[in-house]
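Protein chains in written order, with this note's numbering: chain W, 1 to 117; chain B, 1001 to 1104; chain E, 2001 to 2644; chain R, 3001 to 3484. As structure tokens, the structure follows; a few thoughts come after it.
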Amino acid sequence: MSDWAGVFIFFVVALIFGAGGIATSFLIQPRRDTPLKLEPYECGMPTQGSTWIQFKTGYFLYALLFVIFDVETIYLYAWAVKFQSLGLFAFIEMIIFVFILIVGLWYAWKEGALEWQ
Amino acid sequence: MLTISLTHYVVLSALLFSIGLFGVLTKRNAVAVLICIEIMLNAVNINLVAFSKYITPIDFTGQIFSLFVITVAAAEVGIGLAIIIAIYRNKLSVNLDDFDWLKW
Amino acid sequence: MYVEFALQHAWLVPLLPALAFVAIVFLTRPWQMLSAILAVGSMASSCVIATLAAYGIFTNHEYVEKPLVYATRWFSLGMPAMPDLQINVGVQLDPVSAMMMVMVSFISTFIFLYSIGYMNGEDGFSVFFSYLSLFGASMLLLVISSNLLQMFVAWELVGLCSYLLIGFYTHKISAREAAKKAFVTCRIADFGLLLGILSLQIVFGTLNLTELGEKIAHFEDYTTFGILTMIAVLVFMGPIAKSGQFPLHVWLPDAMEGPTPVSALIHAATMVVAGVYLVGRTMFLFHEVPSAMELVAVTGAFTALFAATIAITQREIKKILAYSTVSQLGYMMLALGVGSLTASMFHMWTHAFFKALMFLGAGSVLVALHHKADVWEMGGLVKKMPITAWTFVIGGLAIAGIPPFAGFWSKDEILVATLAEGHYVLFAMAAFTAFLTAFYMWRMIFLAFFGKENPANHPKESPWTMTVPLLVLAVGAIGAGWLGTPWHNVWAEWIYFGSPHHAAANYGAMMLSVVLAVAGIGLAYTMYLKDTEKVKAKAMAEKYSTAYRVLVNKYYIDELYLWFNHALVDGAAKIFYLFDIYIVDGIVNGIGASAKVTGEGLRVFQTGRLQNYVLIFFIGVLIVAVLMAFVGPSNAVPVMGGVK
Amino acid sequence: MPADMFALTLPFDPSALTLEMLMAGLAMLVLILGIIVPKGARHGLGWVSLLGILGIMAVAVSLWGEKRELLNGMYLLDNYALFWKITFMTAAALVILGCMRFVDNMGNQAEYYSLTLFATLGMMVMASAGDFITFYLGLELMTLSFVILVCFRKTDAKSVEAGIKYLLLAGMSSAVLLYGLTLIYGLTGSITILEIGRIIAMQPLSPALVLAVVLVIAGLGFKVSAVPFHMWSPDVYEGAPTPVTAYLAVGSKAASFAIILRLFVSGLPGIWENWAMVMAILAAVTIIVGNLVAIPQTNIKRMLAYSSIAQAGYILVGLVTATEAGIKGVMFYCFLYVFATMAAFVVATYYYNVSGSDELRDYAGLAQRSPLLAAVMLVALLSMAGIPPLAGFAGKFYLFSSIVGDFLWLVFVGLIMSMVSVYYYLRVALVMYRDDPVDATPISVSSPVAVTLVFATIATLVIGICPGPLSEVVNGAAHTFFLH
């Protein structure tokens, strides 16, 4: 049975790690929910407005497109390194692969994702 | 002298996985949860690469697998961010605690 | 030639009404009369085919000895564990099923015809006929089934139809409750039946009635002999509920909430006799297990007596009839329990005629009096409704057991059979029940049809669609019993289990039952007709007020269920308050309610919070891990091994 | 430069991938058509997708009996995989045909249909997957397509909320699944399922393998929504647009079962004793919880969600013994489950279009407004409840008869709970048939929907009354499963 100890320890630790953190903070947190206590800072100027600083969503769209085309290079690298030995079949495969991505880009373009709003 | 063995990688991966899990459980921000899931996936990648190196050093099965995992993770992040934008437009919040319309 | 056709195509018998059902639902619903004609026509055609087939069976002695079975494969399992498991659908024709087929289709035809008059102008006229057709079809399917699974399917269909029909007046809350009660009670019991059927499959590897009969007769595996008892008891659970035996009879009287033709159909020809029929069909099983036979006999006799005592004090015409049905079903069970398939089926046959007759008569009265059901508010109806009244009297004579009416012969057969088996206590109970039957039936007849007219009523005779069935059934109620007179018992030559069993005429028993019947009628006459002010009746009720109240309240069975639940609720309030939903339907609904409450409880976990879900997910992982670790190879396989 | 550089040498035979390539091509075509075709004409895309699927189905049928293995067992084409592919495509075809009007109301038809097709492609890849990479790619293609479909009505807060929940939970569960898979890879040095099966059979059981199997069970249990990994499904089912819910409930679940069977029966039979009991318990708990929680539901989609959890429990039963009979039961049940579920959800979709509500009480008197919708719903629900002679009964019969010998208690659990399930299924029937409608105007059912419903209902009836032929086909398909 000792073999199994490792598995249990793993789970127990995982559980304690996850649940324990929440539980501890719940147990030891002081509960004085006065408006003052709920302020981010107890002294100084009262905060005004949201503390969130937001990017324009346009950035997100670019980021999304970038991520996708960035990942594409993983495959292009692997293919490029072995280009010579892989031969025509891999070349055709890669053309299809890029074509599919281009359709995606075409779609994004058509939908207006590339225009700055 | 300490040599780095497979065990170290596996332990690292397990730790990373647990950290990611902890984040998923505790973070209130949807983007942060998404990031934590990525951490879990990266734990998987570490496993894959380590196993590939130590157990099947001749073929690169694990490494190729990890490439696919990375790709899929990227797609997941892409979709996740897009949804988060949409949900922000709906609710003006990305706090997961606010997403409990659907229950019971 | 026709007979040959009918024998080969007996599957048409249930199919025709089923087709009528489909046609009415999908095509002819907007045209009421057409729908009704379709229903009646299909049932009448079935009746013709059934009669021809029965003629073929009865005239050919070969079939009496050995059932005519033709079956086709429904589905089979191509698997190593049970290589030869295959489920058939088929038709089994032997004297018992042929008789039932004729009875069901004949009675149903006339009840359908009657319904045209009765349901005239009601909402959902066509729908009603579609349900009726489906009901008839299911019952006929049940009757001709060649294997138990098919029978179970039909059994469930019958239950479903009864649910639809009892609750037909959907605007009445009581009707909906009654429908639910009927359905839930039967389903609980069906669970036992299903387990029994499953066990039969596991133990004997077949569900075909003929094969089962052979295998069980040669079942000598004494190590697992107890299993037969268990199976028999499980199988008997289904009939207990379906045929309204004590203590699951509670749904039957409530089922009166449906339209009267439905009551007639349920009580006379279809649903309730299904239980008796099932026991009759699986006689080979019960026959092997003496203790199960005892159980059947005692349940039957007790139910007969018990229901008869309740019927004495009831006031609503249909309630009285309902309890009389319960009582008569008890007789049939008693007959089965003492091993006389002949007597049981014979009584079922005669009972179908006179009970259908009386229900239809009651329906006729109810229509005339605008659904005023209390017999004390009737009186003197014989002058305004002669056909209804006199046919009802015939029914009353038949059920009371006055020769030469039908009920006399069959009841006599049961009494003789009980006596022949040496069950003296049961015989005494049955004989006393016969007295009570005569009494309460004639109490009702005297109160409703004779005596002083109630000036508040303006009855008039019903239309021909209603009276014709009454007349036809009255002929049946007179003559149906002549098939089985002790001197020339054709019946016993056809329908028997094992070998033909022909009890010699027992004049003593015959005399006794006539005397008892006459005494019962006489007592009813003195108390309710001669004594116009009903002084004696009231005095009796006052003198034995405790007993009277107990009877009026049906032995407080419903209240007992109610009390049982309340006791639970009060006694263990905090824990058991969960059960406090629909107490009236007792334990039956308690199970439903507890399922519901558990559902509510589990639902609380569904908080809608994503992270709670993640947490539960990982707790699940942990639990699965523990399971995997502890449920090692050694104890992985059967925790509760197979029955075999 | 070598002379043969441009010689076309194929490392494998691509014709084995015909179906997948056709499906990918169809999905791309629909997407491109969506870009080219003007907005007004895009409702024709549904028909394009439908005809395409039917064509691919015809090809799939013509491939019946083929048996190939690509790249050392990375990709398997056999009757087993073909049967599943046909199942998925049937579901896709039904959902497209039945819910066209709903999609037209939603807009963005091109995206919707191409994503549906991509999801189908993912499922088809899963059915053929012979190693972890193929399996993972198929799974994620399906899941991610579904995530987008779930939040397709992006202005509807419920839909988007369901989407984010599904994405995060699915991402988390696939991380767990992957972690388990990598452990198996680490222990055996292989990612090919058949090879893993051979290696594990020779190894003694190690704790790490147990951990790996637990994580895999959790990850896949999530996909089929087995209790306690089911928490996502009611929320997601309720929030998603109804056609998506339908396809999610059917397709995603069936595809996951296809791969679970491959993984557990081909890959892990060596430690069957260890996971059989766990599967049995999971099945029992899933059946119990699914049915019980379905009882108090008031939203029809939520009720169907819980009912589909219970159905997943029934299907899991077939996995427990890891025998041919069990596999056959799973395949049979999944196939008929397609029809019953599709019928129920298409009715729900159509009725939502008319009444704008998914609440059970708004179904009052549906039988008077549209007998067809009510009858189809009734048949579908009764089939799910396993009332003979409908298809669900035959399916349950096959499933449970595979375990009658060793796991009799599970049979009892299944029987009792299917009795309980009748309670809430009939409640819907009661509301539809007994109560009076608030608004009694008849509902006219458009012909594509009527065709879908009638087809699904007839299939349910036919499979129920005469399960023989389908059973033969499934037997053949289940048989090829063991021939690799």
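Positions of the beta carbon are idealized from the N, C-alpha and C atoms, including for glycine. On a predicted model such as this, the values are computed, not experimentally measured, just so you know.
One or two residues paired with Leu2068 of chain E in a DSSP bridge: As a beta-bridge residue in DSSP terms, Leu2068 of chain E pairs with E:Leu2093.
For Leu3063 of chain R, the three-state DSSP class (helix, strand or coil): Leu3063 of chain R falls in the coil class under three-state DSSP.
Val3210 of chain R versus Arg3042 of chain R - alpha carbon distance: Within the model, the alpha-carbon separation for Val3210 of chain R versus Arg3042 of chain R is close to 51 angstroms.
Reference Ala2629 of chain E; option with closest CA among R:Gly3180, R:Met3303, R:Thr3323 and R:Ser3206: Residue R:Ser3206 is the option with its Cα nearest to Ala2629 of chain E.
Spatially closest choice to Val3431 of chain R from R:Glu3359, R:Ala3364 and R:Leu3248, by CA coordinates: Ranking R:Glu3359, R:Ala3364 and R:Leu3248 by CA distance to the CA of Val3431 of chain R puts R:Ala3364 first.
Completely contained alpha helix (DSSP H) runs for the segment 3358-3390 of chain R, where each covers 4 or more residues: Qualifying alpha helix (DSSP H) stretches, in chain order: 3366-3369 and 3371-3385.
Nearest candidate by alpha-carbon position, reference Asn3475 of chain R, set R:Lys3328, R:Asp3013, R:Ser3145 and R:Gly3138: In terms of Cα proximity to Asn3475 of chain R, the closest of R:Lys3328, R:Asp3013, R:Ser3145 and R:Gly3138 is R:Lys3328.
Three-state class that DSSP yields for Arg3434 of chain R in the structure shown: Coil at Arg3434 of chain R, not helix or strand.
Where the beta strand (DSSP E) through Leu3070 of chain R begins and ends: Taken as a continuous stretch (DSSP letters only), the beta strand (DSSP E) holding Leu3070 of chain R covers Arg3068 to Leu3070.
Residue of E:Leu2195, E:His2347 and E:Gly2361 minimising C-alpha distance to Gln2328 of chain E: Comparing C-alpha distances from Gln2328 of chain E to each of E:Leu2195, E:His2347 and E:Gly2361 shows the shortest one belongs to E:His2347.
Cβ-based burial, Trp3064 of chain R [other Cβ within 10 Å; buried from 16]: The C-beta of Trp3064 of chain R has fewer than 16 other C-beta atoms within 10 Å across all chains shown, which makes the residue exposed.
Close Cβ partners of Phe3135 of chain R (< 7 angstroms) along its chain, the five nearest in sequence each way excluded: Met3126, Ala3129 and Ile3259.
Spatial distance of Ile2414 of chain E from Ala2010 of chain E (CA atoms): If you take the alpha carbons of Ile2414 of chain E and Ala2010 of chain E, they lie about 31 angstroms apart.
Beta-carbon proximity check, Gly2330 of chain E vs Gln2245 of chain E, cutoff 8 angstroms: Gly2330 of chain E places its beta carbon less than 8 angstroms from that of Gln2245 of chain E.
Cβ contact check for the segment 3391-3402 of chain R and the segment 3296-3309 of chain R: 3 or more pairs under 8 angstroms: Judged by Cβ distances under 8 angstroms, the segment 3391-3402 of chain R makes no contact with the segment 3296-3309 of chain R, as fewer than three pairs qualify.
Reduced DSSP secondary structure (H/G/I, E/B, other) of Phe2564 of chain E: Any reading at Phe2564 of chain E needs caution, since the residue's pLDDT is 48, under 50, leaving its predicted position unreliable; the model's value is listed next. In this structure, Phe2564 of chain E counts as helix in the three-state DSSP scheme.
Min CB distance Ala5 of chain W to chain E below 8 angstroms: Chain E, which has no Cβ nearer than 8 angstroms to the Cβ of Ala5 of chain W, makes this no.
Buried or exposed by the 16-neighbour rule on C-beta atoms within 10 Å, applied to Phe26 of chain W: Exposed, since its Cβ has fewer than 16 Cβ neighbours within 10 Å.
Within chain R, partners of Lys1027 of chain B - CB distance below 9 angstroms: Contact note: Lys1027 of chain B does not reach chain R at a C-beta cutoff of 9 angstroms; the least C-beta distance is about 10 angstroms.
Cβ-based neighbour list, Leu2068 of chain E, same chain, cut-off 6 angstroms, excluding 5 preceding and 5 following: Taken in chain order, the residues that qualify are Leu2093.
Interface partners of Ala14 of chain W on chain B, CB under 9 angstroms: Under a criterion of Cβ atoms nearer than 9 angstroms, the residues of chain B adjacent to Ala14 of chain W are, in order, Ala1014, Phe1017, Ser1018, Leu1021 and Phe1022.
Helix, strand or coil at Met2082 of chain E [DSSP, three-state]: At Met2082 of chain E the pLDDT is 48, less than 50, meaning the model places this residue with poor confidence and gives no usable figure here.
Cβ of Ala2625 of chain E within 8 angstroms of any chain R Cβ: Answer yes: the Cβ-Cβ gap between Ala2625 of chain E and chain R drops below 8 angstroms somewhere.
Rounded C-alpha distance that separates Glu3324 of chain R from Tyr3080 of chain R: Approximately 12 angstroms, taken between the alpha carbons.
Exposure label - Trp2494 of chain E; buried when at least 16 CB within 10 Å: Buried, since its Cβ has 16 or more Cβ neighbours within 10 Å.
Within 8 angstroms, strictly: CB atoms of Pro3388 of chain R and Val2153 of chain E: For the pair Pro3388 of chain R and Val2153 of chain E, the CB atoms are nearer than the 8 angstroms cut-off.
DSSP-derived helix/strand/coil call for Ala3129 of chain R: For Ala3129 of chain R, the secondary structure class from DSSP, reduced to helix, strand or coil, is strand.
Own chain residues within Cβ distance below 8 angstroms of Leu3440 of chain R, not counting five before or after: Sequence inspection shows Ala at residue 3440 of chain R; the Leu mentioned does not correspond to that position. Annotation for Ala3440 of chain R: Gly3365, Gln3368 and Arg3369 place their beta carbon closer than 8 angstroms to its own, counting only its chain and skipping 5 residues before and after.
Own chain, CB closer than 6 angstroms to Ile2587 of chain E, minus 5 neighbours either side, in chain order: With a pLDDT of 46 at Ile2587 of chain E, under the threshold of 50, the modelled position of that residue is not reliable, and the figure given next carries that caveat. Same-chain partners within the cutoff: there are none.
Contact list for Phe11 of chain W against chain E, beta-carbon separation under 8 angstroms: Neighbours of Phe11 of chain W in chain E, taken as residues at a C-beta separation under 8 angstroms, are given in chain order as Val2621, Leu2622 and Ala2625.
Other residues of its chain near Ile3133 of chain R: CB distance less than 7 angstroms, five sequence neighbours each side excluded: Ile3191.
Cα-Cα separation between Ala2020 of chain E and Ser2042 of chain E, rounded to whole angstroms: Whole-angstrom Cα-Cα distance: 6 angstroms.
Chain W contact for Phe2618 of chain E (CB, 8 angstroms cutoff): Closer than 8 angstroms to some Cβ of chain W, the Cβ of Phe2618 of chain E qualifies, so yes.
Distance, Thr3286 of chain R Cα to Pro3228 of chain R Cα: Rounded to whole angstroms, Pro3228 of chain R to Thr3286 of chain R spans 8 angstroms at the Cα level.
Classification of Gly2121 of chain E by the beta-carbon crowding that lies within 10 angstroms, buried from 16 upward: Exposed is the call here.
Interface residues of chain B facing Thr3182 of chain R [CB-CB closer than 7 angstroms]: The answer, in chain order, is Val1044, Asn1047, Leu1048 and Phe1051.
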